[in-house]
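Novice: Protein sequences appear in the order of chains A and Y.
Take 1 as the starting number for the first sequence in our numbering and just add one per residue.
Take 1 as the starting number for the second sequence in our numbering and just add one per residue.
Just so you know, even glycine gets a beta-carbon here, dropped at the ideal spot from N, CA and C.
Starting off with a structure, shown below.
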Amino acid sequence: MRRKDYFDAFFALLGSFLIIYIVLPIALTFTKQAEELNLFFETIQDAVVLDALKNSLLTSTATAIVSLFFGIPLGYVLARKEFKNKSLIQGIIDVPIVIPHSVVGIILLTTFPNKILDSYLGIVMAMLFVSSPFTINSARDGFLAVDDRLEQVARSLGATKLKTFLTISLPLALPSIFSGAIMTWARAMSEVGAILIIAYYPKTAQILVLEYFENFGLKASMPISVLLIAISLTLFAFLRWVVGRAKG
Amino acid sequence: MLRVDGVTKTWKEFKIEKVSFEVKRGEYFIVLGPSGAGKTLLLELIAGIHFPDGGRILMDGRGVTHLPPEKRKLSYIPQEIALFPHMKVYDNIAYGLKTKKIPKEEIKTKVKEIAEILEISHLLHRKPKTLSGGEQQRVAIARALIVEPNLILLDEPFANLDVHVKSKLLREMRVWRKKFNFTALHVTHSFEEALSLGDRVGVMLNGKLVQTGEVKQVFMNPKNEKIARFLGFENIFEGCVRGDRFVVDGISMKITGKPKAKVGVRPDSIVVSTNIPDMDNVFRGRVIAFEDLGALVRLTVKVNNVEFKAFITHTSFLEMEIKEGQEVFIGFKSSSVYCFD
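Here's what the structure looks like:
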């Protein structure tokens with residue numbers, strides 16, 4: 001063996017630590033649950049659990065749609081226009097990533113005291129705050145990757161700005177935009193901190209896990225955790241596959 | 001048709017200064033200049049991608065200086081070709097007609113018709129990235145011509161093609177021109193494109209249009225030394241006129257044009273030989289350097305204290321067994337000596 005191979009092997013060894021660290025707890029939880037299948041089946045028939053799950057899926061999907069509606073125009077402007085304080089705007093978009101999510105809950109509740117407490121609107125707003133940067137940034141990157149010569153040619157051939165956007169820029173940036181929206185959706189599905197403060201009810205699955213853990217302990221919160229992982233991962237993988245196919 | 005009147009623009013590291021010229025209907029106008037001269041910026045101003053800082057652009061007498069691109073009735077082919085990658089060739093060509101809301105059947109007929117002429121019928125169902133460079137350029141030309149624009153703008157259309165494809169396209173371009181009778185503004189750094197396609201040419205140096213005229217006229221009579229140098233006059237001498245002769249550093253050459261302060265001779269107009277060539281300007285000199293350019297060899301021949309650059313073919317370079325320091329004769333016709341300021 002040559003020296004270079006040792007180098008590669010060493011890096012692979014170090015690199016696999018994080019992979020194992022992610023996969024191991026998931027696999028372990030699944031295996032443990034498999035030993036108590038009846039408890040799992042009981043849980044997935046529990047109306048409270050199903051209702052919470054429905055709430056989670058609905059609110060995160062709504063969040064992804066809202067983030068697309070506002071994120072696509074913003075991403076386009078960031079990709080195509082130069083203006084004063086552009087880097088400031090870019091910085092603001094990344095702010096949600098650095099604020100602790102409980103704090104996000106506090107500041108949203110401070111801003112909209114009565115409107116959002118314990119409501120679907122509150123859940124979506126909490127999710128949108130923490131997860132929209134994914135859609136905005138990937139929309140911007142998607143549009144940046146579209147050569148502006150294409151738009152110029154389309155315009156010279158008689159297409160208006162709007163028509164050019166709809167027929168050239170948007171279709172070409174769409175795979176990237178959707179990748180971002182999927183991340184937004186996934187991030188919304190996994191949000192707890194802000195929701196905990198703004199909207200304990202309507203009960204979402206991620207809050208229910210916390211409630212079961214606090215009231216009944218680790219074992220009781222496991223089945224619903226497994227269910228959440230399974231659904232999130234399956235949907236995430238499926239959506240990524242769809243977008244990947246569209247790209248290819 | 002197109003009138004550019006004192007247009008000025010600074011954008012990024014490029015600038016254009018008071019450029020004025022006119023393109024007549026049906027004319028093929030070439031803007032010739034080295035890279036960085038501002039040629040692309042000029043096209044972008046005419047296309048409406050940027051707007052000038054000063055000056056006016058008129059089409060058919062109508063001011064279009066600040067109109068958006070879609071209102072100018074012209075087609076733009078950028079150097080990048082810029083075919084829409086997510087559309088098949090058919091939809092690329094049909095794009096301009098679709099924006100005009102023309103009935104589907106009519107679009108189909110027109111696309112088929114133009115694809116036939118440009119010999120791309122077999123490519124209509126393909127995606128652009130599967131095409132060769134020459135095929136892509138044909139599609140871009142079809143896409144530009146199908147909307148019957150008042151003016152077609154071409155930015156270095158043949159720059160990225162290999163020699164054979166390029167010369168074939170140049171030939172066909174002349175045929176298509178007769179067929180479609182379009183008006184073109186074509187910017188390039190290639191003399192070949194200018195000579196084989198252009199009716200008139202404008203030479204652009206450092207953001208200024210320094211000379212405009214019929215192609216042959218401009219190539220033969222550059223207005224000044226800078227233009228002459230750009231147009232390939234590698235031998236430029238300053239001297240004085242004595243009757244029908246021009247004298248520089250003890251060398252007296254016969255000239256035919258109207259005498260001026262400087263003269264220029266192209267390196268390809270100079271014959272190099274080991275025997276005395278039969279021409280009205282013949283000098284004996286010494287080869288002081290040579291440079292292999294592939295098919296041609298550039299010789300530097302010193303006559304008295306005057307250095308001449310001359311091109312000879314690789315074959316004759318080998319036949320004459322040229323070495324540094326070798327004595328040779330150089331000759332050129334008096335009609336190959338051009339005078340300018």
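Could you tell me the distance, in whole angstroms, from the CA atom of A140 of chain Y to the CA atom of W176 of chain Y?
Specialist: Approximately 14 Å between the Cα atoms of the pair.
Novice: If we define contact as Cβ-Cβ less than 8 Å, is A47 of chain A a contact residue for chain Y?
Specialist: Output row for A47 of chain A: interface = no.
Novice: Three or more C-beta pairs under 8 Å: does that hold for the region 30 to 39 of chain Y against the region 199 to 208 of chain Y?
Specialist: Yes, since at least three Cβ pairs between the region 30 to 39 of chain Y and the region 199 to 208 of chain Y fall closer than 8 Å, the two stretches touch.
Novice: Would you list the one or two residues that DSSP bridges to K88 of chain Y?
Specialist: Note: K88 of chain Y sits in no beta bridge, so no partner.
Novice: Report the rounded CA-to-CA distance for V209 of chain A versus S225 of chain A, giving the unit in angstroms.
Specialist: The straight-line gap from Cα to Cα measures roughly 7 Å.
Novice: Since L195 of chain Y contacts V215 of chain Y with CB under 8 Å, what's their CB separation in whole angstroms?
Specialist: At roughly 6 Å, the Cβ-Cβ gap stays under 8 Å, so L195 of chain Y and V215 of chain Y are in contact.
Novice: Output the distance between the C-alpha atoms of P157 of chain Y and K112 of chain Y, rounded to the nearest integer angstrom.
Specialist: P157 of chain Y and K112 of chain Y: Cα-Cα distance of roughly 23 Å.
Novice: Determine the direct distance from the alpha carbon of A34 of chain A to that of I195 of chain A, and round the result to whole angstroms.
Specialist: Each residue's Cα considered, the two are about 30 Å apart.
Novice: For the region 124 to 152 of chain A, enumerate the residues whose C-beta is nearer than 8 Å to any C-beta of chain Y, in chain order.
Specialist: So the list reads D147, R149, L150 and Q152, given in the order they occur along the chain.
Novice: Give the interface partners of T59 of chain A over in chain Y, defined as CB-CB distance under 9 Å, in chain order.
Specialist: Neighbours of T59 of chain A on chain Y: none; closest Cβ ~33 Å, over 9 Å.
Novice: Using Cβ-Cβ distances below 7 Å, what residues of the region 158 to 180 of chain A are close to chain Y?
Specialist: Per Cβ criterion, the list reads G158, A159, T160, K163, I168, P171 and L172.
Novice: Mapping DSSP to helix, strand and coil, what is L215 of chain A?
Specialist: In the sequence on display, residue 215 of chain A carries Asn and not Leu. Note: N215 of chain A maps to helix in three-state DSSP.
Novice: Taking only beta-carbon atoms, is E193 of chain Y less than 8 Å away from chain A?
Specialist: Not an interface residue.
Novice: Can you confirm whether R245 of chain A, when its beta carbon is compared against all beta carbons of chain Y, has any partner nearer than 8 Å?
Specialist: Answer no: the Cβ-Cβ gap between R245 of chain A and chain Y never drops below 8 Å.
Novice: I'd like the span of the alpha helix (DSSP H) that includes V218 of chain Y, first residue to last.
Specialist: V215 to M220 is the extent of the alpha helix (DSSP H) around V218 of chain Y.
Novice: Pick helix, strand or coil for Q136 of chain Y, following the three-state DSSP scheme.
Specialist: Helix.
Novice: Consider the Cβ of H86 of chain Y: report whether some Cβ of chain A lies at a distance smaller than 8 Å.
Specialist: Closer than 8 Å: yes.
Novice: Where do the ends of the beta strand (DSSP E) carrying N235 of chain Y lie?
Specialist: Looking at the DSSP string, the run of the beta strand (DSSP E) that includes N235 of chain Y is N235 to E238.
Novice: If I'm right that L97 of chain Y touches V147 of chain Y with Cβ under 8 Å, what's the distance once you round it to whole angstroms?
Specialist: Indeed, because the Cβ distance is near 7 Å, the residues count as touching under 8 Å.
Novice: When Cβ atoms are compared, which residues of the region 75 to 102 of chain Y fall closer than 8 Å to chain A?
Specialist: Listed by position along the chain: S75, Y76, I77, P78, E80, A82, F84, P85, H86, Y95, G96, T99 and K100.
Novice: Within the continuous beta strand (DSSP E) that includes I312 of chain Y, where are the two ends?
Specialist: Looking at the DSSP string, the run of the beta strand (DSSP E) that includes I312 of chain Y is V306 to T313.
Novice: Return no unless some Cβ of chain Y is closer than 8 Å to the Cβ of R80 of chain A.
Specialist: Closer than 8 Å: no.
Novice: Quick check on DSSP: helix, strand or coil for E156 of chain Y?
Specialist: Reduced to three states, the DSSP call for E156 of chain Y is coil.
Novice: Please compile the residues from chain A whose C-beta is within a distance smaller than 8 Å of the C-beta of A47 of chain Y.
Specialist: Here the neighbours are Q152 and S156.
Novice: Between which two residues does the beta strand (DSSP E) carrying A184 of chain Y extend?
Specialist: It spans A184 to T188 - the beta strand (DSSP E) in which A184 of chain Y sits, taken as one unbroken run.
Novice: Reducing DSSP to helix, strand and coil, say where S54 of chain Y ends up.
Specialist: The sequence given here has Gly at residue 54 of chain Y, not Ser. Looking at G54 of chain Y - three-state DSSP - the assignment turns out to be strand.
Novice: Does any residue of chain A bring its CB to less than 8 Å from the CB of P68 of chain Y?
Specialist: Yes, P68 of chain Y lies at the interface with chain A (some Cβ there is under 8 Å from its Cβ).
Novice: Please confirm whether A310 of chain Y and I288 of chain Y have their CB atoms less than 8 Å apart.
Specialist: No, the pair does not count as a contact, with Cβ atoms beyond the cut-off.
Novice: Check this for me: beta carbons of F134 of chain A and M183 of chain A, under 8 Å apart or not?
Specialist: The answer is yes: Cβ separation under 8 Å.
Novice: Beta-carbon separation of A188 of chain A and M127 of chain A under 8 Å?
Specialist: Cβ atoms of A188 of chain A and M127 of chain A: closer than 8 Å.
Novice: Is R126 of chain Y helix, strand or coil when you go by DSSP?
Specialist: R126 of chain Y falls in the coil class under three-state DSSP.
Novice: Using the Cβ count rule (16 or more neighbours within 10 Å means buried), how would you classify Q217 of chain Y?
Specialist: Looking at its Cβ environment, which holds fewer than 16 other Cβ atoms inside 10 Å, Q217 of chain Y is exposed.
Novice: Is it right to say S156 of chain A is buried, meaning 16 or more other beta carbons lie within 10 angstroms of its own, or is it exposed?
Specialist: Looking at its Cβ environment, which holds 16 or more other Cβ atoms inside 10 Å, S156 of chain A is buried.
Novice: I want to verify the contact list: residues of chain A whose CB lies under 8 Å from the CB of V147 of chain Y, in sequence order.
Specialist: Ordered by position in chain A, the residues that pass the 8 Å Cβ test against V147 of chain Y are L157 and G158.
Novice: DSSP beta-bridge partners for S252 of chain Y?
Specialist: Beta-bridge pairing links S252 of chain Y to Y:V247.
Novice: So, using beta-carbon positions, are K226 of chain Y and D341 of chain Y closer together than 8 Å?
Specialist: Not in contact: K226 of chain Y and D341 of chain Y (Cβ atoms no closer than 8 Å).
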